[in-house]
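Worksheet for the structure shown next.
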Amino acid sequence: MQRRITRPLGAIALAAVSAVALVGCGSGFSSESATGSSTTLTNDSTDGLTVLIGSSSDAETAAVQKAVADWSASSGVKATVQVASDLSQQLSQGFASGDPADVFYLQSDYLAGYASNGSLLAYGDQLSNKDDFYSTLVSSFTYDGQFYCAPKDFSTLQLFINTDYWKASGLTDADYPTTWEELQDVATKLTTDDHVGLTFSAEYARVGAFMVQAGGNLMNADSTEATANTDANVTALTEVKSLLNSGSVKYAADLGAGWGGEAFGNGDAAMAIEGNWLVGSLSADYPDLGYKVVELPAGPVGQGTLQFTNCWGISQDSADQADAVALVEKLTSTDDQMAFSSAFGVMPSIQSAADQWKAENPDLVAFLDGAEYAAGVPTAKGASDVVSDFNSKLESLATGDPAAILAQTQKNLEAALSE
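Numbering (our numbering), first residue to last: 4 to 422.
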């Protein structure tokens, strides 16, 4: 996932994908995939590989550069890491000019657009570790039945608790909320004249967790069907509306903050629904704040959260697809993913690294446990624009009609799917 530490993951509007269809070039060889189909990969390593990333920090840049340099040294193939100032724009420009990077970070939101016009190499089934990736992550990077690219890491949403506020309110470990009712109860107890009990941003990328807990989501698992106007989603938005009207829960913007992590760090909220990217922000900007992370409470159907992820995309136009796939296999290995985790806080996308990651991050286990019940965000072409419109409607949810909001979102998603 392209990590955003000082901004909420879903708050930045996504630019429209505007790439042209590309065709693979160069000499190649046949490689048998696990499904038995023969796929020809280009293998001209004359110019080496370019790797385009969107970095959250110097630590991330250094970690990726080291991993790529190690592979280059062992393979004998030149590989250069380029750090984008605007990843989506530079990626789109590269495709449009016919000279894209060979390997690059790709958000799940962009997969359908680039896959549908032939810009991406669908190499997922050729990976030796393809069965090790979490199935929900694979779904996020599957388009038209093809597993396109390897998930590079991921994050989930869970509940951050200010431990000083928690203790001051007379609450104990036994009071961590496990249901919506308990969440409302502790939020009320935590609310004072100086801070509210709970905060999150007015966006699908936070409110959507309640949808999953109620058994819904904006689209089905493979983003082929709009499911916004279901009873489950109405139940979820009705619950969020009730929380907002209780006075113990406020959107981050209503607390003068750009996102929930900022409101939580400033002490304006005792709890926040956020992802593990907040950990780095708290360490850097609020080092004295005591906090604990627990799993989000279950809804009527059970536990639920959202997951966010990026993959390692490979250009269909790359002259050396074979080495690009080999590089990705190395970058998604346990050793490399654990090194990335240590450097900049992401969670590994492979199940075999789970135990090691939990042992090294005992205070953050809730995030990885969420992989068992996490749902992905919509990845259909045009869905990001619909989500942006949905976000604008969520801003007035406290006085709005959940069913009407979802009905309009359903129409917008159906229109996007029909294009």
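The beta-carbon is built from N, C-alpha and C at its ideal position, and this holds for glycine as well.
Per DSSP, cross-strand counterpart(s) of residue i
i           : result
residue 152 : Answer is none; residue 152 lacks a bridge partner.
residue 318 : 123
residue 53  : 83
residue 309 : 378
residue 297 : 162
residue 276 : 162
residue 350 : 157
residue 254 : 203
residue 110 : 313
residue 341 : Beta-bridge pairing links residue 341 to no other residue.
residue 222 : 229
residue 145 : 150
Given residue i as reference, the closest of the options once Cα atoms are compared
i           : options            : result
residue 438 : 66, 241, 376       : The requested residue 438 does not occur in the structure, where the chain is confined to residues 4 to 422.
residue 382 : 143, 241, 184, 232 : 143
residue 348 : 196, 286, 377      : 286
residue 377 : 253, 130, 301      : 301
residue 389 : 419, 234, 380      : 419
residue 203 : 184, 140, 244      : 244
residue 406 : 223, 167, 238      : 238
residue 416 : 246, 297, 221, 307 : 221
residue 59  : 49, 88, 74, 72     : 88
residue 182 : 217, 114, 172, 269 : 217
residue 308 : 211, 358, 359, 242 : 211
residue 275 : 297, 291, 283      : 297
residue 119 : 134, 404, 146      : 146
residue 303 : 367, 43, 219       : 219
residue 225 : 213, 258, 138      : 138
residue 128 : 82, 151, 140       : 151
residue 379 : 141, 133, 96, 94   : 141
residue 171 : 95, 373, 273       : 273
residue 184 : 242, 373, 372, 352 : 242
residue 86  : 68, 367, 95, 352   : 68
Sequence-distant residues of its chain with Cβ nearer than 7 Å to residue i (five each side left out)
i           : result
residue 5   : Unreliable positioning characterises residue 5 in this predicted model, as indicated by a pLDDT of 35, which lies under 50. The coordinate reading is nonetheless provided below. Closer than 7 Å at the Cβ level, and outside the excluded window around residue 5, lie 57, 90, 108, 110, 313.
residue 327 : 52, 105, 106, 317, 321
residue 174 : 189, 192
residue 281 : 163, 264
residue 231 : 221, 409, 412, 413, 416
residue 180 : 186, 189, 300
residue 82  : 51, 52, 54, 71, 74, 75, 330
residue 373 : 159, 161, 298, 308
Cβ separation of residue i and residue j, assumed to be a contact under 8 Å, to the nearest whole Å
i           : j           : result
residue 316 : residue 123 : 6 Å
residue 80  : residue 54  : The pair is not a contact, with the Cβ atoms about 12 Å apart (cut-off 8 Å).
residue 166 : residue 289 : Not a contact, Cβ separation roughly 13 Å.
residue 323 : residue 48  : 5 Å
residue 354 : residue 135 : 6 Å
residue 256 : residue 205 : 6 Å
residue 352 : residue 156 : 5 Å
residue 112 : residue 387 : 5 Å
Contacting residues, own chain, Cβ-Cβ under 6 Å from residue i (five flanking each side not counted)
i           : result
residue 3   : The structure shown does not extend to residue 3, since the chain spans only 4 to 422, so no value can be given for it.
residue 190 : 200, 201, 251, 252
residue 196 : none
residue 403 : none
residue 125 : 149, 151
residue 346 : 62, 66
residue 246 : 252
residue 233 : 219
Cut-off 8 Å between Cβ atoms - residues of its own chain near residue i, not counting five sequence neighbours on either side
i           : result
residue 278 : 12, 158, 159, 160, 161, 311, 370
residue 248 : 401
residue 70  : 333, 334, 339, 342, 343
residue 408 : 240, 393, 396, 397, 400
Neighbour-count burial assignment, residue i, 16 or more Cβ in a 10 Å radius
i           : result
residue 384 : buried
residue 154 : buried
residue 41  : Low local confidence applies: a pLDDT of 43 at residue 41 is under 50, so the model's placement there is unreliable, with the coordinate-based value given in what follows. Flag for residue 41 reads exposed.
residue 253 : buried
residue 177 : exposed
residue 76  : exposed
residue 422 : exposed
residue 362 : exposed
residue 365 : exposed
residue 291 : exposed
residue 63  : buried
residue 92  : exposed
residue 271 : buried
residue 375 : exposed
residue 100 : exposed
residue 43  : exposed
residue 24  : Confidence in residue 24 is poor, its pLDDT being 32 and thus under 50, which makes the residue's placement too unreliable to answer from.
residue 305 : exposed
residue 194 : buried
Check: residue i C-beta below 7 Å from any heavy atom of the ligand MG
i           : result
residue 391 : This structure lacks the ligand MG, and indeed carries no ligand of any kind.
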